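For the sequence shown, UniProt numbering assigns the number 1 to the initial residue and increments by one for each residue that follows.
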Amino acid sequence: MLQQRLKEAEDTLQAIREGGVDALIVETGEGDQVFTLRSADYPYRLIIDNMIQGAVIFDDAGIIFYANATFARMVNHSHQELFGYSLDSFIDEEDREFFRTLTSSHSHSAGGTGTIRLVPKDRHDLAVFVGLVSIKIDNQYLHCAILTDLTEQKKYDRALVEEKFSRMILEQTGEAVVVCEPSGRIIRSSRATDRLVQQSTLHTWFHEKFKFLPSITGMAACGSESWSAGRNVIEDVIGGRTLHGLEVTLQVANRTVPLLLSGRPLLDEHENTIGAIITMVDITEQKQAEQALKDLNDSLEQRIVNRTRDLLSYQKHLREMTSELVVTEQRERRRLANELHDYLAQLIVVCRMKLAQLNRAGWTPELKTNIEDIDKILTDSLEYTRTLIAELSPSILYELGIVPALFWLGGQFERHNLHVDVREEDKDISLPEDHAIFVFQAVRELLFNILKHADTKHATISLKKTAPHELQVKVKDAGRGFHISSESQDFARPGKFGLFSIRERVEALGGEIQIEAKQGEGTCITLHVPYDSFPPSELSDSRSGNLIFMGSSSSTTAREKGIRILLVDDHALVRQGMRGLLEVQPDFLVVGEAQNGLEAIESTRTLHPDIIVMDVNMPKMNGIEATRNIVREFPSMPIIGLSVQEDKHVQGLMLEAGASLYLTKNGIASQLVDGIRRLVLSSP
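Printed below as a string of structure tokens:
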């Protein structure tokens, strides 16, 4: 039944459209109403139904009586669905009140107009221009709305606005911008362009208004292209080239203007070239700033050069002064140490020897006690003097060189519970005196740092030649360590003066300092100390003019008297004291004296003693070197080494050189006589 009624309704609608129905009976609240459809109106209905504007007829309640196909497309509904719908359902909520206002005034038969938004099914809102006409038929108002799609109009309006906006931007931009046709005629230009050439440029030819010359540099910003006279910019750009930051000069009246020239083709929506866009930036102020900056840089560079030269000169003088101060300090320390060693220490030694020579017969117990007390005081004085000499300037450094001195230094730190292991990775390491002094002082300073800060009981010193004339000195510990940073390398910070002093002095020698450290894993400081080659000490072939021969000129008589002894010491008082100590022995004969190692060698060759008593610390040639040479020439010669210092390393070096016995001058009075007699009697 419903399908039959639907079929009848569809047939009726089709008949109305085709003009085959002249009247309709519509059931209303007031009864059946007859609506006539004259066949003569069919052409008009056909025109309305197919026009490009949307048309819709509705009553005061907004119920649609008629809508053409265009309106149906606007709201995205089928034509048949619209009849009986409320028109409000197709109008945006914000515009419904405005639309009702247009339809509620029945007096304006000419209707009203306005813009509203339709809400199509499953589409975005559609802006339309609506024209409304109201007609009263049989006491009922019918309204006809004609709707025009504003989409294209809005696009056009937007394009006009954008065009106007673009023109405003182009005209008001601070740069000179021109748009040219392919022929070179200017069709758009900014106001800055006219100001640049001091005249209007619109609808003129580009090549007539703008004649460029190469700039001073003539280079593009990227440094890849230069300008050549007579070049046609428009032809380049129209041909597809893009110019970027090309530095040129423009001749304007009686002045030249430096410019950065850029250009690119103007393309349409199909990527076809329809013109050229040229941009010119006035860089006069930039050039002036660049020149001012260049002048300033030149001035600053010259000032920097001058100040750097002054600073380097000052730094050089400061380092030289530092080195000179260090040398002066060491020279004074050495002078004081020599004074103490050569006089005070030797005098104390002689006093002890004199006490040992006293005839003990008839001594009262009180006198004996006093003599023993005096000897103890002298022993303590000698011990203190020896310590003071070592602290002022260890003679072992000057007499035996850097390696024995470092062994001795390690022994000194044993007193502070720091065990120092000295490793000599290369043999026969020797340095000039000033370099040896620096290395000794630097190592001592680093060991003190370990003692104060590393919280460890062990340190290692290693020496190795890394080049023919370069010594590498490493001082390493396994203590706390620290994090390497720019601050830790800042030797000028408080607490870093020792390292700062070391760095300054090693750099003054042409070397460098390297620091390796890690928190909790210790520290290793390496010194690279270059030094000039210097000739090793050699024995002089010249005979000494200071040889002292003692006793009878007849060697036979001397041998009959007893053991022939050669005394070698650079202090006459000590030699005199030893001679007095020895000659009271009936079987001892001092046949000669020598003041240094060279004289000792010559005296041995001349006098042929039975035994030699050799001091370690002497000028020209020390006792160790002299012993080595004498034993090489006279292998069976017994030699007793003597020294004020109680140093195990010196003792080892002396015995290694060939000495048969090593005594300190502190115990010479009680041990020397027995030592001589024992060695001579045991020799072949």
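For every residue, glycine included, the Cβ atom is placed at its ideal position computed from N, Cα and C.
A quick note: this is a predicted structure, and the numbers were derived from the prediction, not measured.
- Between VAL613 and MET578, the C-beta spacing is below 8 Å.
- In the structure shown, the three-state DSSP call for PHE482 is coil.
- Contact between the region 514-527 and the region 333-348 is not established, with fewer than three Cβ pairs separated by less than 8 Å.
- With contact defined as three or more Cβ pairs closer than 8 Å, the region 192-201 and the region 233-252 are in contact.
- Comparing C-alpha distances from SER682 to each of PRO638, GLU383, ALA192 shows the shortest one belongs to PRO638.
- Contact annotation: ASP569 and VAL680 have beta-carbon atoms that are not nearer than 8 Å.
- Look at ALA517 here: in three-state DSSP terms it is strand.
- DSSP places MET618 in the coil class of the three-state scheme, outside both helix and strand.
- MET51 has no beta-bridge partner at all, per DSSP.
- For the pair LEU259 and ILE283, the CB atoms are nearer than the 8 Å cut-off.
- In this structure, GLY84 keeps its C-beta atom at 8 Å or more from the C-beta atom of THR113.
- Here GLY652 is exposed: its Cβ has fewer than 16 other Cβ atoms, across all protein chains shown, within 10 Å.
- By the Cβ-count criterion, ASP95 is buried, with 16 or more other Cβ atoms from all chains shown falling within 10 Å of its own Cβ.
- In this chain, LEU388 is not harboured by any beta strand (DSSP E); it is covered by the alpha helix (DSSP H) spanning 365-392.
- The beta-carbon separation of LYS620 and GLY641, rounded to 17 Å, does not stay under the 8 Å limit for a contact.
- The Cβ neighbour count for HIS143, taken over all protein chains shown within 10 Å, is at least 16; the residue is labelled buried.
- Here DSSP, grouped into helix, strand and coil, assigns GLY641 to strand.
- Ranked by Cα distance from ALA127, the first of THR148, ILE429, ILE187, ILE601 is THR148.
- CA-CA distance, ARG331 to SER323, rounds to 12 Å.
- Of all C-beta pairs linking the region 502-514 to the region 442-451, three or more are shorter than 8 Å, placing the two stretches in contact.
- With distances taken between CA atoms, THR101 lies nearest to ASP60 out of ILE630, GLU414, ASP60, PRO120.
- In the DSSP secondary-structure assignment, THR249 is bridged to LEU213, PRO258.
- The region 270-279 and the region 290-307 do not touch, with fewer than three beta-carbon pairs separated by less than 8 Å.
- Taking C-beta separations shorter than 8 Å and ignoring five residues to either side along the sequence, the partners of ILE187 in its chain run VAL179, CYS180, GLU181, LEU202, HIS203, GLY275, following chain order.
- Secondary structure note for TYR662: it is in no alpha helix (DSSP H), and the uninterrupted beta strand (DSSP E) holding it is 661-664.
- Taking C-beta atoms as the reference points, SER86 and ILE63 count as a pair closer than 8 Å.
- Ranked by Cα distance from LYS211, the first of ARG255, THR242, LEU170 is ARG255.
- The beta carbons of GLU433 and TYR398 sit about 7 Å from each other, so the pair counts as a contact at 8 Å.
- No Cβ-Cβ contact shorter than 8 Å links LEU170 with VAL161.
- The alpha carbon of ILE389 has as its nearest neighbour, out of HIS419, PHE407, ARG333, the alpha carbon of ARG333.
- Annotated three-state conformation of PRO586 is coil, per DSSP.
- Of the candidates LYS154, ASP647, VAL673, VAL673 places its Cα closest to the Cα of ILE563.
- Inter-residue distance for GLU599 and THR627 is about 12 Å (C-alpha atoms, whole angstroms).
- Across the set GLU512, GLY401, LYS457, the C-alpha of GLU512 shows the shortest separation from the C-alpha of GLN472.
- For GLU271, there is no enclosing beta strand (DSSP E), since its DSSP letter is neither H nor E.
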